[in-house]
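Protein chains: 2
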Amino acid sequence: MTEELITLNHGSGGRAMARLIEEIFIHHFNADSNNTELAKKNDAARLNVQTSHIVTTIDAHVISPLFFPGGDIGSLAVHGTINDLSMAGARPLALTAAFILEEGFKISTLKSLVKSMALAAKEAGVNIVSGDTKVVEKGKGDGVFITTSGVGLCDHDVSLGAEQIKVGDKIILSGSIGDHGIAVMSAREGLQFDTALLSDSCALNDLVDNMMQHFKHAIHCMRDPTRGGIASALNELSEQADKGFRIYEAAIPLKESVRAACELLGLDPAYIANEGKLVCFVAEEQAEALLAKMRKHPHGRDAAIIGEVLAEPGVQLQTTLGTRRRLEMLSGEALPRIC
Amino acid sequence: MTEELITLNHGSGGRAMARLIEEIFIHHFNADSNNTELAKKNDAARLNVQTSHIVTTIDAHVISPLFFPGGDIGSLAVHGTINDLSMAGARPLALTAAFILEEGFKISTLKSLVKSMALAAKEAGVNIVSGDTKVVEKGKGDGVFITTSGVGLCDHDVSLGAEQIKVGDKIILSGSIGDHGIAVMSAREGLQFDTALLSDSCALNDLVDNMMQHFKHAIHCMRDPTRGGIASALNELSEQADKGFRIYEAAIPLKESVRAACELLGLDPAYIANEGKLVCFVAEEQAEALLAKMRKHPHGRDAAIIGEVLAEPGVQLQTTLGTRRRLEMLSGEALPRIC
Numbered sequence: 124m125t126e127e128l129i130t131l132n133h134g135s136g137g138r139a140m141a142r143l144i145e146e147i148f149i150h151h152f153n154a155d156s157n158n159t160e161l162a163k164k165n166d167a168a169r170l171n172v173q174t175s176h177i178v179t180t181i182d183a184h185v186i187s188p189l190f191f192p193g194g195d196i197g198s199l200a201v202h203g204t205i206n207d208l209s210m211a212g213a214r215p216l217a218l219t220a221a222f223i224l225e226e227g228f229k230i231s232t233l234k235s236l237v238k239s240m241a242l243a244a245k246e247a248g249v250n251i252v253s254g255d256t257k258v259v260e261k262g263k264g265d266g267v268f269i270t271t272s273g274v275g276l277c278d279h280d281v282s283l284g285a286e287q288i289k290v291g292d293k294i295i296l297s298g299s300i301g302d303h304g305i306a307v308m309s310a311r312e313g314l315q316f317d318t319a320l321l322s323d324s325c326a327l328n329d330l331v332d333n334m335m336q337h338f339k340h341a342i343h344c345m346r347d348p349t350r351g352g353i354a355s356a357l358n359e360l361s362e363q364a365d366k367g368f369r370i371y372e373a374a375i376p377l378k379e380s381v382r383a384a385c386e387l388l389g390l391d392p393a394y395i396a397n398e399g400k401l402v403c404f405v406a407e408e409q410a411e412a413l414l415a416k417m418r419k420h421p422h423g424r425d426a427a428i429i430g431e432v433l434a435e436p437g438v439q440l441q442t443t444l445g446t447r448r449r450l451e452m453l454s455g456e457a458l459p460r461i462c
Numbered sequence: 124m125t126e127e128l129i130t131l132n133h134g135s136g137g138r139a140m141a142r143l144i145e146e147i148f149i150h151h152f153n154a155d156s157n158n159t160e161l162a163k164k165n166d167a168a169r170l171n172v173q174t175s176h177i178v179t180t181i182d183a184h185v186i187s188p189l190f191f192p193g194g195d196i197g198s199l200a201v202h203g204t205i206n207d208l209s210m211a212g213a214r215p216l217a218l219t220a221a222f223i224l225e226e227g228f229k230i231s232t233l234k235s236l237v238k239s240m241a242l243a244a245k246e247a248g249v250n251i252v253s254g255d256t257k258v259v260e261k262g263k264g265d266g267v268f269i270t271t272s273g274v275g276l277c278d279h280d281v282s283l284g285a286e287q288i289k290v291g292d293k294i295i296l297s298g299s300i301g302d303h304g305i306a307v308m309s310a311r312e313g314l315q316f317d318t319a320l321l322s323d324s325c326a327l328n329d330l331v332d333n334m335m336q337h338f339k340h341a342i343h344c345m346r347d348p349t350r351g352g353i354a355s356a357l358n359e360l361s362e363q364a365d366k367g368f369r370i371y372e373a374a375i376p377l378k379e380s381v382r383a384a385c386e387l388l389g390l391d392p393a394y395i396a397n398e399g400k401l402v403c404f405v406a407e408e409q410a411e412a413l414l415a416k417m418r419k420h421p422h423g424r425d426a427a428i429i430g431e432v433l434a435e436p437g438v439q440l441q442t443t444l445g446t447r448r449r450l451e452m453l454s455g456e457a458l459p460r461i462c
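Following this line, the structure appears as structure tokens:
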């Protein structure tokens with residue numbers, strides 16, 4: 124059987140594109156036929172909402188390789204956008220997806236990725252309601268890039284953001300750091316480790332729903348520490364909040380396998396990307412109760428209080444040796460195409 | 124002065140990326156400081172809405188060359204997504220934008236494109252409220268790809284779509300066809316024509332606002348005939364509506380310069396992309412009044428009734444010679460990367 128490949132015709136707006144959309148995208152994204160907006164094949168989807176606040180976001184995904192231990196660019200594209208909505212305190216309402224395909228890309232690979240997206244969306248309880256497909260000539264892309272955008276609904280009395288962070292707030296991290304970046308690096312470099320390293324890529328909306336149920340006024344800010352790792356996320360938030368954070372190195376959950384791999388690769392886990400973790404700033408008096416709640420959820424099992432908010436700016440790391448150093452923002456050697 | 128170029132570091136989530144976002148994206152997309160959600164630098168934007176219906180859409184833009192007579196990939200990315208919202212009868216509320224940059228891309232070029240997006244968004248009265256930036260290695264992209272998504276608000280009593288098209292409806296086209304595709308082809312091939320050929324790329328939301336004001340119940344469906352041209356758009360709608368269309372070739376507005384260029388290039392203008400036109404299906408008795416209204420708007424000046432809806436499926440072209448032929452969907456030679 125010859126392998127079907129993407130041709131420029133698949134992007135031309137004609138029959139070939141119509142078939143691709145019908146047989147791959149609509150087929151999988153509407154598998155249980157409840158995604159009526161997608162099935163209508165309009166260029167935009169109409170959604171009914173009962174709210175006065177919506178949240179919207181967009182994320183381009185260019186990860187290499189396309190498949191990695193624990194996920195692929197498809198599931199990652201769904202998780203990434205859901206998590207951005209969740210971090211704003213919104214419940215994901217719908218996703219849209221745009222594909223930039225390289226001529227010669229295997230249609231069977233596209234199908235696998237679309238299936239993976241459909242599964243990830245179904246698990247998170249969200250529909251992919253609209254999409255777009257473009258094709259570029261061989262050598263002008265890299266297989267597939269997937270951009271996802273999302274719309275979420277927000278309760279009128281929820282207002283999360285760096286500007287809400289208060290001195291004295293506790294900082295909770297939902298689990299171990301570096302899993303995603305190290306899993307991708309090991310796949311990219313063909314490294315073998317004794318222990319299997321899996322990406323933590325997952326949708327955090329259910330964990331956040333649980334957290335918001337009882338603590339929506341105690342939680343001041345959430346952020347998923349993706350590219351640039353927890354160090355960059357904390358530095359960004361510190362700048363935006365104009366406050367400082369004291370972080371206890373010993374309190375940061377880190378898998379032994381990830382620690383060992385980082386040592387081998389000469390990487391600092393604080394700068395490695397995560398795709399299924401969040402940091403959360405919570406009023407001090409509610410921190411222990413929230414932590415207990417998070418630990419009952421599969422995606423928060425290893426949650427820990429890792430620090431607290433101070434008045435003076437900057438992110439300060441209290442090391443396991445008892446010394447203090449500034450945890451700087453990433454400013455150099457990148458791990459390119461990690462998401 | 125050395126030319127600043129995009130490096131992989133610009134996509135790493137660290138300092139370089141933060142500077143790029145601050146100095147280029149936020150600087151231009153928030154030029155008049157009323158785009159407070161973007162300025163907050165969260166990963167998602169929160170919007171207040173007073174409606175029960177929202178519309179969302181996404182479009183990837185991979186046009187080559189990046190600059191063409193009458194526009195560039197930046198303005199096109201804004202217009203394209205606004206128009207998809209407008210075609211659903213929604214007023215654009217906000218846009219998001221994701222950039223996939225190739226290592227080595229000139230930062231000055233990026234700046235021009237971002238400025239052009241900011242201007243296009245301002246002219247259309249919409250903010251770009253959230254975004255994302257990724258960088259791929261040299262040779263794995265093509266300068267820049269821009270994906271835009273949008274959210275629009277829809278009146279509860281508006282319900283446009285192919286399924287609303289009725290036998291007897293008149294088909295109105297808002298202006299001349301083929302302008303965009305031919306302008307891009309001429310730029311790509313370095314062709315010189317006697318007359319300047321300009322893309323029709325523009326935002327149609329104001330024209331649609333005007334149309335919907337008095338005719339929102341008479342208009343049954345709108346579509347912008349982009350990739351694949353008017354022939355593909357009409358065939359798609361005919362299939363979705365399960366109705367037929369009779370189109371009068373002589374009634375289709377076509378600029379003499381575009382006709383001549385098509386002849387020279389061996390192209391059929393019915394299959395050439397448009398980026399500032401719409402086809403509209405309207406109740407017969409309101410067609411003339413709507414046409415008169417459209418002609419008063421700069422983007423509808425050359426509007427014309429080009430046909431009507433029949434019961435039997437298929438798109439039938441009544442030629443200027445008096446013969447009839449089926450206007451088929453595009454199924455072959457593409458004009459790649461036209462949008």
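As given, the protein sequences belong to chains A and B, one line each in that order. Take 124 as the starting number for the first sequence in this note's numbering and just add one per residue. Take 124 as the starting number for the second sequence in this note's numbering and just add one per residue. All C-beta atoms in this analysis are idealised placements derived from N, C-alpha and C, irrespective of residue type, glycine included.
For the pair H184 (chain A) and L330 (chain A), the CB atoms are not nearer than the 8 Å cut-off.
Excluding the 5 residues flanking it on each side, S299 (chain A) has same chain C-beta neighbours closer than 6 Å at P376, L377, K378 and D425, in chain order. Beta-bridge partners assigned by DSSP to S253 (chain B): B:T219. Interface with chain B (8 Å Cβ-Cβ cutoff): F268 (chain A) is included. At a cut-off of 8 Å between C-beta atoms, L440 (chain A) does not count as an interface residue with respect to chain B. In the same chain as A154 (chain B), and ignoring 5 residues on each side of it, the C-beta atoms closer than 7 Å to its own belong to A241, in chain order.
Taking the C-beta atoms as reference points, A243 (chain B) is found nearer than 8 Å to G197 (chain B).
Interface flag for Q409 (chain B) against chain A is unset, since no Cβ pair is found closer than 8 Å. Residue A:N328 holds the alpha-carbon nearest to the alpha-carbon of H202 (chain A) among A:P192, A:H279 and A:N328. Annotated three-state conformation of I196 (chain A) is helix, per DSSP.
Following the DSSP letters along the chain, one finds T271 (chain B) inside the beta strand (DSSP E) bounded by residues V267 to L276. Excluding residues up to 5 positions away in sequence, H151 and G197 lie with their Cβ nearer than 8 Å to the Cβ of K238 (chain B) in the same chain. Residues L208, A211, A213, G275 and C277 of the same chain have their beta carbon placed closer than 6 Å to that of V178 (chain B), with the five preceding and five following residues left out of the count. Excluding sequence positions up to five before and after H279 (chain A), its CB lies within less than 7 Å of the CB of S175 and H176, all in the same chain and listed in chain order. With contacts defined by Cβ atoms closer than 8 Å, I461 (chain B) and I186 (chain B) form a contacting pair.
Note that the C-beta distance between D182 (chain A) and D255 (chain B) is below 8 Å. H184 (chain B) sits in a strand when the DSSP states are folded into three classes. Apart from sequence neighbours up to five positions away, the residues of its chain that approach M140 (chain A) with a beta-carbon distance below 7 Å are H133, G134 and T256, ordered along the chain. Taken through DSSP and simplified to helix, strand or coil, Q315 (chain A) comes out as coil.
If you keep only unbroken beta strand (DSSP E) runs of at least 3 residues inside the region 389 to 446 of chain A, you get 402 to 405, 427 to 433 and 437 to 441. Looking at the DSSP output, C344 (chain B) sits in a beta bridge with B:F404.
For the region 338 to 365 of chain A, the residues whose beta carbon sits under 8 Å from a beta carbon of chain B are, in order, R346, D347, T349, R350, G351, G352, S355, E359 and Q363. Chain B places a beta carbon closer than 8 Å to that of R138 (chain A), counting this residue as a contact. Using a CB distance below 8 Å, the part of the region 189 to 213 of chain A facing chain B consists of D207, L208, M210, A211 and A213, ordered along the chain.
With 16 or more neighbouring CB atoms inside 10 Å of its own CB, N158 (chain B) falls in the buried class.
Of the other Cβ atoms in all chains shown, fewer than 16 fall within 10 Å of the Cβ of A415 (chain B); this residue is therefore exposed. By the criterion of a C-beta distance shorter than 8 Å, A162 (chain B) is surrounded in its chain by I149, N153 and S156, once the five residues flanking it on both sides are discounted. Linking E127 (chain A) to S231 (chain A) through their CA atoms gives a straight-line distance of about 7 Å. Near chain B, meaning a CB-to-CB distance below 8 Å, the residues of the region 150 to 179 of chain A are K163, K164, N165, D166, A167, A168, R169, L170, N171, V172, Q173, T174, S175, H176, I177, V178 and T179. Going by beta carbons, I370 (chain B) and Q287 (chain B) fall outside the 8 Å limit. In this chain, I294 (chain B) is not harboured by any alpha helix (DSSP H); it is covered by the beta strand (DSSP E) spanning K293 to L296. Between A410 (chain A) and K261 (chain A), the C-beta gap is not smaller than 8 Å, which leaves the two residues out of contact.
At a Cβ-Cβ threshold of 8 Å, A406 (chain A) and A341 (chain A) count as neighbours. A Cβ-Cβ distance of about 16 Å is found for the pair S297 (chain B) and G193 (chain B), leaving them out of contact under the 8 Å criterion. The Cβ of A183 (chain B) sits closer than 8 Å to at least one Cβ of chain A.
Excluding its 5 nearest sequence neighbours in each direction, S272 (chain B) has C-beta neighbours in its own chain below 6 Å: I181 and T219, listed in chain order.
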